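Colleague: Dropping the structure in here first, questions after.
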Amino acid sequence: VQQRFLLLYLEPNQMPTAKKTSSPANPFAFDTTKMFGDFDPSKLMGEFDPKKFMGDFQKAFSEYKIPGVDGNMIIESQKKNVEALAQANKVALEGMQAVFKRQAEILGQAMEEMQTTFKGFAEAGEPQDKVAQQTDLVKEAVEKALSNMRELAEMAGKSNTEAFETIHGRFTESLDEVKAEVLKLKK
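Structure representation (structure tokens):
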């Protein structure tokens with residue numbers, strides 16, 4: 133009986149959860165919700181509403197008038213900061229979702245390969261041949277595991293770099309805006 137993974141998407145922007153159908157004949161059947169629980173990274177930012185935040189900020193800031201300071205410029209600057217943060221979080225979340233999805237795929241492939249391997253061990257043969265076969269399989273498994281780890285690390289690194297560059301770019305731009313406003317006060 134061949135086991136397959138079923139990726140269920142709650143919404144297009146949420147992390148997939150992988151479930152494997154359980155079978156008493158397959159000792160490697162599993163349910164990843166036991167490993168990850170109900171972890172849903174999209175809920176981490178679910179309660180943050182950038183529009184509400186900016187409305188609250190604008191209301192609070194409008195109560196204070198600072199001579200020579202353009203309040204609208206500060207509000208626009210903060211709006212850009214929040215947008216950059218939201219974009220960086222989106223990129224990081226999408227990267228994390230891709231890594232989790234790939235991990236589930238790798239785990240599924242490993243389970244299928246392990247099942248096939250154990251079927252091969254049940255076949256008759258010389259003990260020396262079995263040891264040689266097992267040694268080759270262990271070598272292949274280690275090489276594949278290292279390759280998979282490298283792939284996952286590169287995926288995570290790419291999304292982290294994109295998120296960092298978004299925030300770094302906005303931070304630099306924000307400092308330039310502050311500098312320009314301060315220089316206006318000098319005149």
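Per the working numbering, residue 133 is the first one in the sequence shown, and the count goes up by one each step.
Even glycine gets a Cβ: it sits at the ideal position worked out from N, Cα and C.
From a predicted model like this one, the values you see are computed outputs, not experimental measurements.
Would R302 pass as a contact of A216 if the rule is Cβ separation under 8 Å?
Modeller: Indexing the sequence shown from 1 puts residue 302 at position 170. Indexing the sequence shown from 1 puts residue 216 at position 84. At a Cβ-Cβ threshold of 8 Å, R302 and A216 count as neighbours.
Colleague: Along the alpha helix (DSSP H) that carries A254, what are the first and last residues, could you check?
Modeller: Looking up residue 254 in the sequence shown gives position 122. Where A254 is concerned, there is no enclosing alpha helix (DSSP H), given that its DSSP letter is neither H nor E.
Colleague: Quick one: Cα of V314 to Cα of Q210, how far?
Modeller: By 1-based counting over the sequence shown, the position of residue 314 is 182. By 1-based counting over the sequence shown, the position of residue 210 is 78. Straight through space, the alpha carbons of Q210 and V314 are spaced by roughly 16 Å.
Colleague: Check for me: the alpha helix (DSSP H) holding E275 runs from which residue to which?
Modeller: Counted from its first residue, the sequence shown places residue 275 at position 143. Counted as a single uninterrupted DSSP element, the alpha helix (DSSP H) harbouring E275 occupies residues 259–318.
Colleague: Ignore the nearest five residues each way along the sequence and tell me which others in F185's own chain have a CB closer than 8 Å to its CB.
Modeller: Sequence index remark: in the sequence shown, residue 185 carries index 53 (1-based). Here the set comprises V214.
Colleague: Three-state secondary structure (DSSP) at D202?
Modeller: If you number the sequence shown from 1, residue 202 lands on position 70. Assigned with DSSP and collapsed to three states, D202 falls in coil, not helix or strand.
Colleague: Does the distance from the CB of G227 to the CB of N292 come in under 8 Å?
Modeller: Position 95 of the sequence shown, counted from the first residue, corresponds to residue 227. Position 160 of the sequence shown, counted from the first residue, corresponds to residue 292. Contact: yes.
Colleague: Excluding the 5 residues preceding and the 5 following R234 in the sequence, name in chain order all residues of the same chain whose CB lies nearer than 8 Å to its CB.
Modeller: Taking the first residue of the sequence shown as 1, we reach residue 234 at position 102. So the qualifying residues of the chain are E283, L284, M287.
Colleague: Taking 6 Å as the limit between beta carbons, can you name the residues of its chain near A312, skipping five residues before and five after?
Modeller: For the purposes of this step, residue 312 is taken as the residue at position 180 of the sequence shown. Here the set comprises nothing.
Colleague: Can the beta-carbon of V223 be found less than 8 Å from the beta-carbon of E294?
Modeller: Residue 223 sits at position 91 when you count from the first residue of the sequence shown. Residue 294 sits at position 162 when you count from the first residue of the sequence shown. Going by C-beta atoms, V223 is nearer than 8 Å to E294.
Colleague: Buried or exposed: T267, going by 16 or more other Cβ atoms within 10 Å of its Cβ?
Modeller: Here residue 267 is taken as the residue at index 135 of the sequence shown, counted from 1. Classification of T267: exposed, given that the 10 Å Cβ count is below 16.
Colleague: Which residue from A192, G203, Q219 puts its Cα closest to that of H300?
Modeller: Along the sequence shown, one-based indexing puts residue 300 at 168. Minimum Cα distance to H300 is reached at Q219.
Colleague: Taking K290 as the reference, give the member of F189, Q229, I206 with the closest Cα.
Modeller: Locating residue 290 in the sequence shown gives position 158, counting from the first residue. Checked all of F189, Q229, I206; the closest Cα to K290 is Q229.
Colleague: Hey, E297 and M205 are a contact pair by Cβ (cut 8 Å); roughly how many whole angstroms apart?
Modeller: In the sequence shown, the residue the question calls residue 297 occupies position 165. In the sequence shown, the residue the question calls residue 205 occupies position 73. So it is not a contact: roughly 24 Å between Cβ atoms.
Colleague: Inspect the beta-carbon positions of L269 and T248 and report whether they are closer than 8 Å.
Modeller: Looking up residue 269 in the sequence shown gives position 137. Looking up residue 248 in the sequence shown gives position 116. Not closer than 8 Å, so no.
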